[in-house]
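Shown next, in structure tokens, is the structure this report addresses.
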Amino acid sequence: MLKLYILLYYEFLKIGIFAIGGGYAALPFLYFIQSKYNWFSVDELTNMIAVSNITPGPIGINMATYTGFTTAGVIGSLVCTFAIESAPFLFAITIMKIYDKFKSCSAVNAIFNGLRPASCALLTAIGLQLLYKTCVTQNSFIIDYKSLFLFIILMIPFSFMKKQPLLAILAGALGGIILKQF
Amino acid sequence: MKKISLWDIYKVFFIIGIQLLGGGYVILPLLRKYIVENRNWLSEEELVDYFALSQCTPGIIAGNISMFAGYKARGTIGALTAIIGIITPSFFAIILLANILNGAVDNQLVKDAFWGIRISVIVLVIVTVKDMWAKSVYSIFTYILFFTVLTVLLIFPISPAIVILLSAIAAILHSKIMGGKNA
Chain E
1 MLKLYILLYY
11 EFLKIGIFAI
21 GGGYAALPFL
31 YFIQSKYNWF
41 SVDELTNMIA
51 VSNITPGPIG
61 INMATYTGFT
71 TAGVIGSLVC
81 TFAIESAPFL
91 FAITIMKIYD
101 KFKSCSAVNA
111 IFNGLRPASC
121 ALLTAIGLQL
131 LYKTCVTQNS
141 FIIDYKSLFL
151 FIILMIPFSF
161 MKKQPLLAIL
171 AGALGGIILK
181 QF
Chain S
1 MKKISLWDIY
11 KVFFIIGIQL
21 LGGGYVILPL
31 LRKYIVENRN
41 WLSEEELVDY
51 FALSQCTPGI
61 IAGNISMFAG
71 YKARGTIGAL
81 TAIIGIITPS
91 FFAIILLANI
101 LNGAVDNQLV
111 KDAFWGIRIS
121 VIVLVIVTVK
131 DMWAKSVYSI
141 FTYILFFTVL
151 TVLLIFPISP
161 AIVILLSAIA
171 AILHSKIMGG
181 KNA
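Going line by line, the protein sequences match chains E and S. According to the working numbering, the first sequence is numbered sequentially starting from 1. According to the working numbering, the second sequence is numbered sequentially starting from 1.
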């Protein structure tokens, strides 16, 4: 059990250091953890991400708490939450101590110039892989028309709106219940 | 000046945490209301500076800006109090929901709903990509980097941490080479 906590701490510490650009930047790391350790299935992980979107609190923290809880109970969720914030905590107090030198992002802008597109590409790859896994039946390459239909129906309005997690998830739930009746 | 109490810091960030729904950017108006206007721990200018800073430091944006604000109020211990405050509602909400959902997963209606919700997550990921793309891919270098990373990722499952490290190196090399011309 101790070994599991240490692994969880290590993996979520890395998310805190390397996830650039908001809570969703943690997603590629979570799917990577899924494929590496199999602590939960891909579907379970996607469910947890959905619930994290509609729960109070920062999405990134919610996802860490939830995946930690699923993997190793209440202690697991505490380990993950503290792990994901421990590096940023050290960064934050260091930056505040040298605040005058750091005042703008210009010092690190050159690096972020490369990190932002990389972070965006990581999330794009996850989006495409999830879409493929959902809309194409594994091993047989048959298109799952119900999934594809719901995806297109949801994509049309939500791609024109500002991000609306709550509404998108409610619409998906409703769409899922209706479509599965046929 | 009177020292700001840790309990007050904890309380404020706890209250902000409860009201945080739907991503890091929602935190800005909440911080303005509770910390700039009601309590004067920060000036409006500082808040905007911290918000920009929290987007270009590693970690979750909402967590970062809370720690900056907590630090300003009461130093290192203030930053720690702020982050614990903002984490607390998440923690209890998730544990509660996880327990409820674990009991409901066998229900067919819940299963169907989650089937649809998983498709919502894909939609949300794509919408987020669209937002990130607008802010991050704008020059020859960023285009090349984006498509290189994406192509490699679709072929080999590489650790995201390695991807970020290599991209940081590429960006440093690029700025060194371009340094003289368009710094």
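For glycine and all other residues, C-beta sits at the position ideal for the given N, C-alpha and C.
Which residues does DSSP pair with residue i in a beta bridge?
i	result
Ile142/E	Thr137/E
How is residue i classed by DSSP in three states: helix, strand or coil?
i	result
Leu137/S	It is Val, not Leu, that sits at residue 137/S in the sequence shown. It is coil, neither helix nor strand.
Gly59/S	coil
Ile172/S	helix
Gly21/E	coil
Asp106/S	coil
Gly70/S	helix
Phe91/S	helix
Met178/S	helix
Leu42/S	coil
Met1/E	coil
Gln181/E	coil
Ser54/S	helix
Phe29/E	helix
Gln164/E	coil
Asn38/E	coil
Ile4/S	coil
Thr55/E	coil
Pro157/S	coil
Ser167/S	helix
Ile98/E	coil
Leu80/S	helix
Ser86/E	helix
Ser159/E	coil
Does any CB atom of chain S fall closer than 9 Å to the CB of residue i?
i	result
Asn62/E	yes
Phe182/E	no
Ser147/E	yes
Val108/E	yes
Lys163/E	yes
Tyr5/E	no
Phe89/E	yes
Ile177/E	yes
Leu2/E	no
Tyr24/E	yes
Leu8/E	no
Ile17/E	yes
Ile98/E	no
Would you say residue i lies against chain E (beta-carbon separation less than 9 Å)?
i	result
Asn107/S	no
Asn182/S	Legend: pLDDT at Asn182/S = 48, less than 50; position of this residue unreliable, value from coordinates given subsequently. For Asn182/S, the answer is no, since every Cβ of chain E falls outside 9 Å of its Cβ.
Lys3/S	no
Ile177/S	no
Ile83/S	yes
Lys33/S	no
Gly116/S	yes
Asp131/S	yes
Tyr143/S	yes
Asp8/S	no
Pro157/S	yes
Val125/S	yes
Pro29/S	no
Gly103/S	no
**Study point:** Positions along the stretch 52-71 of chain S whose CB lies within less than 8 Å of some CB in chain E
**Key:** Ala52, Leu53, Gln55, Cys56, Thr57, Pro58, Gly59, Ile60, Ile61, Ala62, Gly63, Asn64, Met67, Phe68 and Tyr71
Check your understanding: What are the residues of the stretch 33-67 of chain E that lie near chain S, defined by any Cβ-Cβ distance shorter than 8 Å?
Key -> Ser35, Asp43, Thr46, Asn47, Ile49, Ala50, Val51, Ser52, Asn53, Ile54, Thr55, Pro56, Gly57, Pro58, Ile59, Gly60, Ile61, Asn62, Thr65 and Tyr66
Point to revise | Contact set between the stretch 130-154 of chain E and chain S, restricted to residues whose Cβ is under 7 Å from the partner | key: So the close ones are Leu130, Leu131, Thr134, Ser147, Leu150, Phe151 and Leu154.
Check your understanding: Taking Cβ-Cβ distances below 8 Å as the criterion, which residues of the stretch 72-84 of chain E are in contact with chain S?
Key -> Val74, Ser77, Leu78, Thr81 and Ile84
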